[in-house]
Amino acid sequence: MTSPTATSAASAQPAIRMQGIDKSFGPVRANRGASLEVMPGEIHALVGENGAGKSTLMRILGGLMKPDAGKLEVEGRDVTGWSTNDAIAAGIGVVHQHFMLVPTLTVAENIVLGQEPVKSGMFDYAHAVAEVEKLSKETGLTVSADRKVSELSVGEAQRVEILKTLFRGARILVLDEPTAVLSPPEVKELWTVLRRLRESGGTIVLITHRLDEVMDLSDTITIMRAGETIDRLQTASTSPAEIARAMVGREVALMSRQGEAFGVSSESSHADVPLPVSSAYSAALEVNDLVLTGSRHTRVVDGVTFAIQPGEIFGIAGVEGNGQTELIEAIAGLRKAESGSIRVAGHDVSSSDVSERRTAGLSHIPEDRHRRGLILDYSIADNLLLGRQDEFTHRGVLETERIAENAKTQIESFDIRPPSATLPARSLSGGNQQKVVIAREMGHDFTVLLASQPTRGVDVGAIEFIHERLRAARAANKAILLVSAELNEVLALADRVAVMYRGRFAIVMPAAEASEETLGEYMIGTRKESAA
Amino acid sequence: MNPFSFLTQMLRIAIPYLFAASGGVIAERAGIISLALEGFMLTGAFTATLGAFYSGSPWIGVLCGILGGLLFGMIHAVATIRYRADQVVVGIAINLLAVGVTRFFLKLAFASSSNSPRINGFPARLSAHGFDNPLLWMGLLVAPVLAFVLYRTRFGLRVRAVGEHPDAAESVGIPVAWVRYVAVALSGMLAGLGGVYLALDQHQFTDQMTAGRGFIAVAAVIFGRWDPIRAALACLLFAAAETLQIQLQGNHLLASQFVEMIPYVLTIVALAGVVGRAIPPAALGKTEH
Amino acid sequence: MTARLREQIEEALFPPVVALLVALICGDLLIMSYGQSPANVYRLLLEGTWGNAYGFGQVLYKATTLTFTGLAVSLGIRAGLFNVGAESQLAAGGFLAALTGLALSPAIPGVIAVPLCMIAAALGGGIVGAVPAFLRVRFGAHEVIVTIMLNFVVLALLNWIIANHLHVPETLHTPEIHAGAIPRLDRFIPAFHGSAANLTILIALLTAAAIWFLLFRTRRGYELRAVGLQPDAAEYGGVGVGGVWFRALTLSGAVAGLGGINYVLGYKHYYEDGFAGGSGFLGIAVALVGRNHPLGVVLAALFFATLSQGGLAIHAFVPKQMVEVLQGVVIIAVAMSVPEVRRALRQARRPASA
């Protein structure tokens, strides 16, 4: 597969060149002297952790914001500070991570929105449909032009988003974390589409933090960290380790098992001892044939059964959207199960409410800390009460002294910064906010911990801290149910791994026997467990 | 009770609702809560009176009424769109403001606390039963025209997009704020026209003459599920109930207070989803983007 | 003073200060359009309100009702709900208080009669508040519209009851209530002679203190505010959101209803159709300017009451309608400044992760 590289720099001028870009939001410097150079006809990956500044840089490219300093050139033209309309007119198309589609309008209406065909003063819908169908055929992106967007699948909706940009004549496509919500077969489809677009002369910028995607698909990689551009590499001549190092700035334990695929060693991070089957009482957490029905009468959780022993980390891997979220919420008591039972340390909590389950020994680190885990306008001290406010109440009145003491203790032992209990949670960084949640959920006695995406949006230093805490809890004989979209994280921490696919466990196996390839196939659904 | 006189009286009552409800529909479909219809109507009535009085021409009155509604519409728009003030609060404030402003200037211009002097309406022949009033025809056409605009024009498509998913609209270069400004301005003008009809029909402006009609229009918008034609039908329904009560007054079938309640009770019922759910545009009331 | 405290005060005070400035500017324009001198008129306004005992008494009287409705609205907002029905809740409360007063024998001592009437008032408002509460929790019906619609229904109903059954001929009010009268202030402080101010003021202040305690010192208050700030997190924290909504809106109605005693027991000693006179809607302004805090509500109530009474004092020079215009302007100005201030402060406070 040929692709123009930067060797013929004299003849080829960059499709995109950004230099010295500065952008601040109040005290936060999202971009500091960042740069980017994308050659025409290549697939360019923009890589970096959360908060590295990639999205901001792309927003400036797309005309959604203006840089405080620096220069932006597109195809040799200085276009610094242009607007979205300018960018669209120049052929830049952005596909956002969160789809920008109006659910109540049809596919065709969404695609032509803003550039609607007109006939004698009226909106010519029939023409719009025809044009969409034509474009769809040309590019191989199949969509049903007349259907309401609210009825589409995620993959289809993404195709609509891409068609939107192509409809406007986009020749430079920017995709922001496009695979975050796709299943593996949909990812493969997307790759085919992108390669096809490249062949027809398009230029593509992929924003992602997934190293494997980067290696698979891109020609060139730009790495960002803390608002700066660290390095620019040719994919063919670099390695994941080199990229990871640049991303994080130090030798990092690439959350893999025992020096495998990424060639970087890591400590053996899970217990090799056989799991103790306690005879004193039943498992710490027992879930039996749990069923949840979703909004369209489909089974979102389709008969899940498993048990977790004390001193065990049970990991659930799987592409997001296969029922993991609902499963955790059902166990936590935030969602009602259709049928099935849940037992915590032997107590049946199937019909208990959230507080009762907490009392029975259940702790929950929710996957969305801004929505569920914290009240951003409450102080750290008040957030540390959430879910346990009864314990700090005497005759209906809050015990202010004990609350303050509790805050002091937790802030110290979990190293929450800044260490001021009256600060609103809103003013903490992502990592520290997560630490507040974890301090609350792990800082007192519990039997079972539900940890859902515990390190999402958290900086590397805090990630290590959190992983340590999880391992320590396991050593202290707690049971942990870990759900993570990062397969590596699951493999690094779990003793047993399950793959969730379409609401069921496709497979459960000891982590020692699992490999990414095998698990991947269960995640796609191409491999099914043979009937025992 | 004669069906023809029932119809004419019903229309006479319905026209202000039709104007105001149409204004409410366009604003709310664009995502802006429309509780200020009462205030727009009252202002329109007053400015129309001023215009008609000083010029002697009802058409000047109409123009002034539209401008008055537009002015208050713009105040609402600037406060809620540019400054992101809470839309419910602003709506209520506009209503209070309209009462205060109209009273203040009523005193200033006509030295009265209760009503203006008599003004000329449209020349009306008794035999025409009100059908020679151009505003009546405008009122009847408002809803179909609005439906056409909303569902068949580019502007209407954009209004609907903006009211459901403003971020998506913005990402394709649609000026969301601008679309909303136009929608709210239209709502001010349309509701103002409702007030114009009232003032010209009664040949004067009286203190607080709208008497809650703007809220009946709000009820019609919701009961009509934010669709122009359905909202118009709701207006006719409410007007019919009122007419029925007036014409049956002697029979004491139902006290006037209970007839008054009908639109409001129906709306509450609609909101409770007893007869199918009333689901508003998704971005209604939210200006945080 | 810590930086955080200073920020809190800034965010709280800025909008009301804006309100005051805007009111002054607008007032200037209106006064001048009448050919009067603003300085003179403002002086007259202050003299007529805080400058003499009778005027001050009237201010206190009006502020009392506004305190109740302001507390009611602010309580709802703290739970994330918008109660626009304070007007009918106030009326219903006054009505039930009147019924109770009329039903009780005049021989019953005030110490027993008044509390009974108070309970009835709270009950009246609470029942009216429970309707939108129930509809919101059970059907998801938005309380803004329900309360607006219900206002009309309840007021029409009360009007019908009075007009057809309970009124003294040639009027629209009930017969005089002898049991459960609340003494006027001028019984204790002769200077207030003639003004409507009565001991309900104390009840209002106590209610404000009680609401403060409830919101910030009790577990229920913690949960209520949590629901208002982030219902999903409150649910996660084991709080029954629907239950909180129901109780908050019902209590909000009850507080507004309680305010009815000011007029019905403390001033006229009968229930009159329309006595609420817009105090329910103004309660929204009071809550807004008072930043939904009990102390702020009391101060804002005094502000609006001063405006209202001041309008009467200057009537010879500028129509009192000017005050109504000012009210509307102030509300819009405050409503506009609140998001701006919050946004500006939030920008400044944002942490080091983009």
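Going down the list, the sequences are from chains A, B and C.
Letter by letter, the first sequence follows residues 602 to 1133 in the working numbering.
Letter by letter, the second sequence follows residues 217 to 505 in the working numbering.
Letter by letter, the third sequence follows residues 2 to 355 in the working numbering.
C-beta atoms are modelled at their ideal positions from N, C-alpha and C, and glycine is treated no differently.
- At least one C-beta of chain A is nearer than 8 angstroms to the C-beta of Asp383(B).
- The way I'd put it, the stretch 1090-1107 of chain A doesn't touch the stretch 938-945 of chain A; fewer than three beta-carbon pairs between them come closer than 8 angstroms.
- Interface flag for Lys502(B) against chain C is unset, since no Cβ pair is found closer than 8 angstroms.
- Annotation for Leu1082(A): no alpha helix (DSSP H) segment contains it, though the beta strand (DSSP E) segment containing it runs 1080-1084.
- Taking a beta-carbon distance threshold of 8 angstroms, Gly244(C) does not count as an interface residue toward chain A.
- Look at the beta carbons and you see the stretch 86-95 of chain C touching the stretch 143-154 of chain C: at least three pairs across the two are nearer than 8 angstroms.
- Assigned with DSSP and collapsed to three states, Pro340(C) falls in helix.
- Beta-carbon to beta-carbon, Ile929(A) and Ala1080(A) are separated by about 14 angstroms, too far to satisfy the 8 angstroms threshold.
- With respect to Ala407(B), Phe256(B) sits close: the two C-beta atoms are nearer than 8 angstroms.
- Listed by position along chain B, the residues whose Cβ is nearer than 9 angstroms to that of Phe304(C) form an empty set, because the closest Cβ is around 15 angstroms away.
- Distance from the Cα of Ala286(C) is smallest, within the candidate group Gly56(C), Ile10(C), Leu6(C), Leu67(C), for Leu67(C).
- Classified as exposed, Thr1023(A) has fewer than 16 neighbouring CB atoms from the shown chains inside 10 Å of its CB.
- Contacts between Val998(A) and chain C, judged by CB atoms closer than 8 angstroms, involve Arg218, Thr219, Arg220 in chain order.
- Apart from sequence neighbours up to five positions away, no residue of its chain approaches Glu1013(A) with a beta-carbon distance below 7 angstroms.
- With a cutoff of 8 angstroms on beta-carbon distance, Val703(A) and Ala384(B) are scored as near each other.
- Sequence-distant partners of Asp669(A) (beyond 5 residues in either direction) whose C-beta falls short of 7 angstroms from its own C-beta, in its chain, are Asp623, Lys624, Ser625.
- Put simply, the CB of Gly974(A) is near chain C, with a gap under 8 angstroms to one of its CB atoms.
- As far as DSSP is concerned, Gly379(B) takes part in no beta bridge.
- Here the C-alpha atom of Ile1017(A) lies approximately 43 angstroms from the C-alpha atom of Gly130(C).
- Residue ranges of uninterrupted beta strand (DSSP E) with 3 or more members are absent from the stretch 269-306 of chain B; none lies entirely inside it.
- The count of Cβ pairs closer than 8 angstroms, one atom from the stretch 199-216 of chain C and one from the stretch 70-77 of chain C, reaches three, so the stretches are in contact.
- In the DSSP assignment, Thr422(B) falls outside any beta strand (DSSP E), carrying neither H nor E.
- Beta-bridge partners assigned by DSSP to Tyr233(B): none are found.
- Under the 10 Å beta carbon count, Asn41(C) is surrounded by fewer than 16 other beta carbons and is classified as exposed.
- With a threshold of 8 angstroms between beta carbons, Glu11(C) makes no contact with chain A.
- For Leu706(A), a Cβ of chain B is located within less than 8 angstroms of the residue's own Cβ.
- Residues of chain C with a Cβ closer than 9 angstroms to the Cβ of Leu1082(A) do not exist, since the nearest Cβ in that chain sits about 16 angstroms away.
- Shown here, Met1101(A) sits in a strand according to DSSP, grouped into three states.
- For Lys63(C), the number of other beta carbons within 10 angstroms of its own is at least 16, and it is reported as buried.
- According to the DSSP assignment, Ser951(A) belongs to no alpha helix (DSSP H), since it is labelled neither H nor E.
- Exposed is the label assigned to Met33(C), since fewer than 16 other Cβ atoms lie within 10 Å of its Cβ.
- In this structure, Leu987(A) lies near Ala234(C), with their beta-carbon atoms less than 8 angstroms apart.
- Residue pairing for Ser625(A): DSSP places it in a beta bridge opposite Arg630(A).
- Listed along chain C are Tyr237, Gly238, Gly239, each with a C-beta nearer than 8 angstroms to that of Gly988(A).
- Residues of the stretch 140-152 of chain C whose Cβ lies closer than 7 angstroms to any Cβ of chain A: none.
- Taking 8 angstroms as the cut-off, the Cβ atoms of Leu283(C) and Gly126(C) do not count as close.
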